[in-house]
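In full-length UniProt numbering, the protein residues as written are 1 to 390.
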């Protein structure tokens, strides 16, 4: 039954727009000679090694052309590389979209970063917006799954990429979920839900396996994917860094109307991951080379010096090390006040990491009508174009 209904259901769930770009789009590449992708590299040098790279999964009803300008803003403001890929059936990626194909494309993009660009997993941040939270959580959950339980990304697909290719024990630095859904059935109308025999993008059941730090950004006035979805996911995430409720924000206007809060929150998260990454590197350098593999490879929270928590950005992180779970502190109550992330109306500090960044482009006040289905308006409509990369 589901095999017959699959294509019908996909037409309601997936809303690919007419391609908003062509092969002349700057920084366009093709992963595995078929998956369109945009790769923006930062020119900033990081003393802690290569900069982080964000693997971006876009929302519904948009393609790479819609998000290209905004991804450049993220690259320049946060000083990171950004790789965004296209789902099959969207943009220039010929085919029909499905849940399994979205997972396959996300996996291929991740493997391109680790195998072709030779990036270590701990330097990759998975980022999913709205529908893109599905492949993001799925990929993270599969990476953290025991080796014996890992599956092929696209079941029954002869050309699918096995997740067994991932390095066992290696995990991403963290994941960012913007306006995420707990599952498709919980978002769509009750009328449409009656025609979906099996739920799709079940983030709510998968996020429990994601052990790296998780940042969730969700608008309080989101009427497409209500804030309750982000809240439910935050309760299931074992290593939640922050559930940031962006007060007054809807589903499609964060980049437009809450630019500073959005980018400051994202940069604070990246800064915290960077500090955590540097601490792990320092510990590894101090360890004798003869250390046996059977010995513990991670550092417990009580082994970290107090001065590590002097940095405000680090204090947000429940677990200071990616891929570990914080144990109850044995030090007793701390006299230090842990700050919360800034609200949209607050005076926002500028982390030292992002000083001397070019000013943000001006944003217009164009808005899109909200569809009763899972629909993300194209971001590029609201962003003043940025000069193309050479």
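For every residue, glycine included, the Cβ atom is placed at its ideal position computed from N, Cα and C.
Within the stretch 222-290, note down every full alpha helix (DSSP H) run reaching 4 residues or more, in order along the chain. Listed in chain order, they are 227-236, 254-257 and 259-286.
Output the distance between the C-alpha atoms of residue 248 and residue 268, rounded to the nearest integer angstrom. Here the question's residue 248 lines up with position 248 in the chain shown. Here the question's residue 268 lines up with position 268 in the chain shown. Cα-Cα distance, rounded: 21 angstroms.
Checking the sheet assignment: what are the DSSP bridge partners for residue 129? Numbered from its first residue, the chain shown carries residue 129 at position 129. DSSP, once it has assigned bridges, lists 178 as partnering residue 129.
For residue 119 and residue 49, what's the separation of their Cα atoms in angstroms? One-based indexing of the chain shown puts residue 119 at position 119. One-based indexing of the chain shown puts residue 49 at position 49. Taking the straight line joining both Cα atoms gives about 11 angstroms.
Cβ distance (whole Å) where residue 38 is taken to contact residue 64 below 8 angstroms: Position 38 of the chain shown, counted from the start, is the residue given in the question as residue 38. Position 64 of the chain shown, counted from the start, is the residue given in the question as residue 64. Yes, residue 38 and residue 64 are in contact; Cβ-Cβ is about 5 angstroms, under 8 angstroms.
Let's test the definition: count the other Cβ atoms within 10 Å of the Cβ of residue 76 and tell me whether it reaches 16, buried, or not, exposed. Sequence index remark: in the chain shown, residue 76 carries index 76 (1-based). Looking at its Cβ environment, which holds 16 or more other Cβ atoms inside 10 Å, residue 76 is buried.
On a Cα-Cα basis, can you pick out the residue from 127, 170, 73 and 104 that is closest to residue 114? Numbered from its first residue, the chain shown carries residue 114 at position 114. When C-alpha distances from residue 114 are compared across 127, 170, 73 and 104, the shortest belongs to 170.
Go to residue 205, then tell me how far its alpha helix (DSSP H) extends in each direction, as first and last residue. Along the chain shown, one-based indexing puts residue 205 at 205. Start and end: 203-206.
Go ahead and label residue 45 buried or exposed: buried means 16 or more other beta carbons lie within 10 angstroms of its beta carbon, across all protein chains shown. Residue mapping note: residue 45 aligns to position 45 of the chain shown, counting from 1. Classification of residue 45: exposed, given that the 10 Å Cβ count is below 16.
Between the Cα of residue 237 and those of 19, 110, 204 and 257, spot the shortest distance and give me the residue it belongs to. Translated into positions along the chain shown, residue 237 becomes position 237. Considering only 19, 110, 204 and 257, the residue with the shortest C-alpha distance to residue 237 is 204.
Would you identify the three-state DSSP class for residue 59, choosing helix, strand or coil? Taking the chain shown and counting its residues from 1, one reaches residue 59 at position 59. The answer is coil: DSSP assigns residue 59 none of H, G, I, E or B.
Can you check which of these residues, 246, 202, 207 and 134, is closest to residue 218 by C-alpha distance? Walking along the chain shown from the start, residue 218 turns up at place 218. Ranking the options by Cα distance to residue 218, first place goes to 246.
Residue 52 - DSSP class collapsed to helix/strand/coil: Position 52 of the chain shown, counting from 1, holds the residue named residue 52. Residue state, collapsed to three classes: coil.
Cβ separation of residue 134 and residue 14, assumed to be a contact under 8 angstroms, to the nearest whole Å: In the chain shown, residue 134 corresponds to position 134, counting from 1. In the chain shown, residue 14 corresponds to position 14, counting from 1. Contact doesn't hold; Cβ gap of about 11 angstroms is too wide.
What is the C-beta distance between residue 91 and residue 36, in whole angstroms, given that I count them as a contact (C-beta under 8 angstroms)? Taking the first residue of the chain shown as position 1, residue 91 is located at position 91. Taking the first residue of the chain shown as position 1, residue 36 is located at position 36. At roughly 6 angstroms, the Cβ-Cβ gap stays under 8 angstroms, so residue 91 and residue 36 are in contact.
Please state whether DSSP places residue 91 in a helix, a strand or coil. For this step, residue 91 is matched to residue 91 along the chain shown. Looking at residue 91 - three-state DSSP - the assignment turns out to be coil, as it is neither helix nor strand.
Inter-residue Cα distance where the pair is residue 258 and residue 226: Locating residue 258 in the chain shown gives position 258, counting from the first residue. Locating residue 226 in the chain shown gives position 226, counting from the first residue. So the alpha carbons of these two residues sit roughly 18 angstroms apart.
Exposed or buried, which one is residue 208 when buried takes at least 16 other CB atoms within 10 Å? Within the chain shown, residue 208 is the residue found at index 208, counting from 1. With fewer than 16 Cβ atoms within 10 Å of its Cβ, residue 208 is classed as exposed.
How many Å lie between residue 241 and residue 106 at the Cα? As a first step, residue 241 is located in the chain shown; it is residue number 241 there, counting from the start. As a first step, residue 106 is located in the chain shown; it is residue number 106 there, counting from the start. Distance between the alpha carbons of residue 241 and residue 106 is about 23 angstroms.
Can you tell me which of the three DSSP states residue 218 falls into? Counting from one through the chain shown, the residue named residue 218 turns up at place 218. Reduced to three states, the DSSP call for residue 218 is strand.
Helix, strand or coil: which one does DSSP assign to residue 37? In the chain shown, counting from the first residue as 1, residue 37 sits at position 37. Judged by DSSP in its simplified three-state form, residue 37 adopts strand.
Compare the Cα-Cα distances from residue 28 to each of 11, 69, 103 and 78 and report the closest residue. Indexing the chain shown from 1 puts residue 28 at position 28. Ranking the options by Cα distance to residue 28, first place goes to 69.
Should residue 116 go down as buried or exposed, given a rule of 16 or more other Cβ atoms within 10 Å for buried? The residue you call residue 116 lines up with position 116 of the chain shown. Residue 116 should be labelled exposed.
Could you check which residue in 199, 123 and 30 has the C-alpha nearest to that of residue 275? By one-based count along the chain shown, residue 275 stands at place 275. The shortest C-alpha separation from residue 275 is found at 123.
Quick one: give me the first and last residue of the beta strand (DSSP E) that residue 108 is part of. In the chain shown, residue 108 corresponds to position 108, counting from 1. Premise fails: residue 108 lies in the alpha helix (DSSP H), 99-111, not in any beta strand (DSSP E).
Report the rounded CA-to-CA distance for residue 202 versus residue 186, giving the unit in angstroms. As a working mapping, residue 202 is identified with position 202 in the chain shown. As a working mapping, residue 186 is identified with position 186 in the chain shown. Their backbone Cα atoms lie some 9 angstroms apart in a straight line.
Secondary structure of residue 115, DSSP reduced to three states: Indexing the chain shown from 1 puts residue 115 at position 115. In the structure shown, the three-state DSSP call for residue 115 is helix.
By a C-beta neighbour count over all protein chains shown, 10 Å radius and 16 as the cutoff for buried, is residue 30 buried or exposed? Counting from 1 along the chain shown, the entry for residue 30 is found at position 30. Counting Cβ neighbours within 10 Å, residue 30 comes out exposed, since fewer than 16 surround it.
Going by DSSP, what residue range makes up the beta strand (DSSP E) through residue 77? Position 77 of the chain shown, counted from the first residue, corresponds to residue 77. Careful: residue 77 lies outside any beta strand (DSSP E), inside the alpha helix (DSSP H) at 64-78.
Which of the three DSSP states is assigned to residue 82 in this structure? The residue you call residue 82 lines up with position 82 of the chain shown. Three-state result, residue 82: strand.
Look at residue 93 and residue 86 and say whether their C-beta atoms are less than 8 angstroms apart. Within the chain shown, numbered from 1, the residue matching residue 93 stands at position 93. Within the chain shown, numbered from 1, the residue matching residue 86 stands at position 86. Yes; because the gap between Cβ atoms is below 8 angstroms, this pair is in contact.
8 angstroms Cβ cutoff met for residue 216 and residue 172: For the purposes of this step, residue 216 is taken as residue 216 along the chain shown, with counting starting at 1. For the purposes of this step, residue 172 is taken as residue 172 along the chain shown, with counting starting at 1. No, Cβ-Cβ distance for residue 216 and residue 172 is not below 8 angstroms.
Quick one: Cα of residue 10 to Cα of residue 47, how far? In the chain shown, residue 10 corresponds to position 10, counting from 1. In the chain shown, residue 47 corresponds to position 47, counting from 1. Residue 10 and residue 47: Cα-Cα distance of roughly 46 angstroms.
Please classify residue 102 as buried or exposed, where buried requires at least 16 neighbouring CB atoms within 10 angstroms. Position 102 of the chain shown holds residue 102. So residue 102 counts as buried.
So is residue 234 buried or exposed if we call it buried at 16+ other beta carbons inside 10 Å? Here residue 234 is taken as the residue at index 234 of the chain shown, counted from 1. Residue 234 should be labelled buried.
Would you give the residue range spanned by the beta strand (DSSP E) that residue 28 belongs to? Position 28 of the chain shown holds residue 28. Its beta strand (DSSP E) spans residues 28-31.
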